[in-house]
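In this note's numbering, the protein residues as written are 4 to 292. One structure is given here, and the rest of the page talks about it.
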Ligand code: SAM
């Protein structure tokens, strides 16, 4: 017997829940979502999927994958765990629009894997959440991404300048995308439950980013370098990160409308974008880059 997906696609019945006999591997951040309302919230946040390619990060036992497979035209699921990847392959053997890739997501170019426009979804492994979020910022970026992350990371992603949790992650995301908090997900929604609360977050790249594509790498380095010195004033930050002397640093900062006495944690992403552009125009590269 076959069942039909939301897109009218006939779907073969799964033989059994993939990975049902799999013991969760702590070192791979395996906390499987068992809450249908949270799963539906992720799907809803992704919007209509008909005609779209979805890349899923860390499909695990496939709870979210099943929902994506019913709705999207193409699903590419990237799973590091060999046993889970093998189970998913069996589970989706009769679904030609599903590709299971056994790989470390950080080693995969998501844009190349999709080969065209794509959206991104994932209940991501918490031990590498920030590297995954940065990795997903590498162009060609997803048209939209929905992540399930630790609550604390969700808060940092959308934090405003001046708040204690505003940092390199907030600036890097907000310079390129709008971040929307969707909803909290409690620890008991997972098997096994993690030690922290979680949240669903949607990231939509801006049509007009504040940083030109060729300046994205120096922008990222500047922001990460500056927040490594978050309690220092910008004059000290710039003197530490560049070969410029104090007078030149002060001039550049003032030209960029940045108070030399301001601390990185108070600056909006636009200020870092102006500073990146000014340094590039002066031909100044950061020390060690
Ligand atoms: N999506 C599933 C769910 O919601 O039930 C599983 C989520 S679990 C938090 C994270 C998943 O990411 C696990 O299946 C784990 O094996 C996988 N994973 C861990 N590290 C990974 C990596 N570097 N690349 C790809 N997948 C990874």
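Glycine included, every Cβ here is placed at the ideal spot set by N, Cα and C.
| message | Let me check you understand the geometry: is the CB of residue 146 closer than 7 Å to at least one non-hydrogen atom of ligand 1? | response | Remark: the shortest separation between the CB of residue 146 and any heavy atom of ligand 1 does not fall under 7 Å.
Measuring alpha carbon to alpha carbon, tell me which of 241, 245 and 122 ends up nearest residue 261. Residue 261 has its Cα closest to that of 241, out of 241, 245 and 122.
**Asked** Using the C-alpha atoms, what's the distance from residue 239 back to residue 182?
**Response** Between residue 182 and residue 239, the C-alpha separation is close to 31 Å.
- Task: Would you decide whether residue 172 is buried or exposed? Buried here means 16 or more other CB atoms lie within 10 Å of its CB.
- Result: Label assigned to residue 172: buried.
Bridge partners - residue 150, DSSP secondary structure assignment = DSSP output for residue 150 lists 125 and 204 as bridge partner(s).
Notebook entry, point to check: From residue 276 to residue 267, what does the alpha carbon distance come to, in whole angstroms?
Noted result: Their Cα atoms are separated by approximately 13 Å.
Could you name the residues that DSSP lists as bridge partners for residue 56?
In the DSSP assignment, the residues bridged to residue 56 are 77.
Taking residue 211 as part of the beta strand (DSSP E), name the residues at either end of that continuous run. First-last for residue 211: undefined, no H or E at that position.
So residue 180 is in the beta strand (DSSP E); what residue range does that whole segment cover?
DSSP places residue 180 inside the beta strand (DSSP E), whose first and last residues are 180-188.
Q.
Suppose you measure from the CA of residue 234 to the CA of residue 265; what does that come to, to the nearest Å?
A. Approximately 10 Å, taken between the alpha carbons.
Under the three-state reduction of DSSP, which class applies to residue 26: helix, strand or coil?
Note: residue 26 maps to coil in three-state DSSP.
Taking the Cβ atom as the reference point for each residue, do residue 46 and residue 70 lie within a distance shorter than 8 Å? Yes, these two residues count as a Cβ contact at 8 Å.
Proximal residues to residue 162 (C-beta, below 6 Å), its chain only, five neighbours per side dropped
Within the same chain, 168, 169 and 173 come within 6 Å of residue 162 by CB-CB distance, once the 5 residues on both sides are set aside.
| field | Proximity of residue 252 and residue 281 at Cβ, strictly below 8 Å | value | The criterion of a C-beta distance shorter than 8 Å is not satisfied by residue 252 and residue 281.
- prompt: With a CB to CB cut of under 7 Å and the five nearest residues on each side skipped, what residues in its chain are close to residue 31?
  reply: Within the same chain, 83, 84 and 128 come within 7 Å of residue 31 by CB-CB distance, once the 5 residues on both sides are set aside.
Cβ-based neighbour list, residue 270, same chain, cut-off 7 Å, excluding 5 preceding and 5 following
Residues of the same chain with a CB within less than 7 Å of the CB of residue 270, apart from the 5 flanking positions on each side, are 164 and 261 in chain order.
Note the first and the last residue of the continuous beta strand (DSSP E) segment covering residue 102.
Residues 101-105.
Is residue 131 near ligand 1, in the sense that its beta carbon is under 7 Å from a heavy atom of that ligand? Because some heavy atom of ligand 1 lies under 7 Å away, the Cβ of residue 131 counts as near it: yes.
In chain order, what residues of the same chain have a beta carbon less than 7 Å from the beta carbon of residue 272, not counting five sequence neighbours either side? Contacts found: 174, 177, 178 and 213.
Exercise. Excluding five sequence neighbours on each side, which residues of the same chain lie with their C-beta closer than 7 Å to the C-beta of residue 143?
Worked result: If the five residues before and after residue 143 are omitted, its C-beta is found closer than 7 Å to the C-beta atoms of 114, all from its own chain and listed in chain order.
Just to confirm, does residue 47 get its C-beta within under 7 Å of one of the non-hydrogen atoms of ligand 1? Proximity of the beta carbon of residue 47 to ligand 1 is not indicated: no heavy atom of the ligand is located closer than 7 Å.
Considering only residues of the same chain and omitting the five flanking positions on each side of residue 290, which have a CB-CB separation below 7 Å?
Taking residue 290 as the centre and dropping the five residues before and after it, the same chain places the C-beta of 244, 245 and 246 closer than 7 Å to its C-beta, in chain order.
For this session: Would you give the residue range spanned by the alpha helix (DSSP H) that residue 261 belongs to?
Result: Note, residue 261: premise wrong, no alpha helix (DSSP H); not H, not E.
Item to complete: Spatial neighbours of residue 228 within its chain, please: CB distance less than 7 Å, with the 5 preceding and 5 following residues excluded, ordered by chain position.
Response: Excluding five sequence positions before and after residue 228, the CB atoms of its chain that fall closer than 7 Å to its own CB belong to 244 and 289, given in chain order.
(message) Here's the rule: buried if 16 or more other CB atoms are within 10 angstroms of the residue's CB, otherwise exposed. What is residue 121?
(response) That one is buried.
Can you give me the C-alpha to C-alpha distance between residue 274 and residue 109, rounded to a whole angstrom? Looking at the two C-alpha atoms, the distance is approximately 29 Å.
Practice item. Give the DSSP-derived three-state secondary structure of residue 247 in the structure shown. Key: Residue state, collapsed to three classes: coil.
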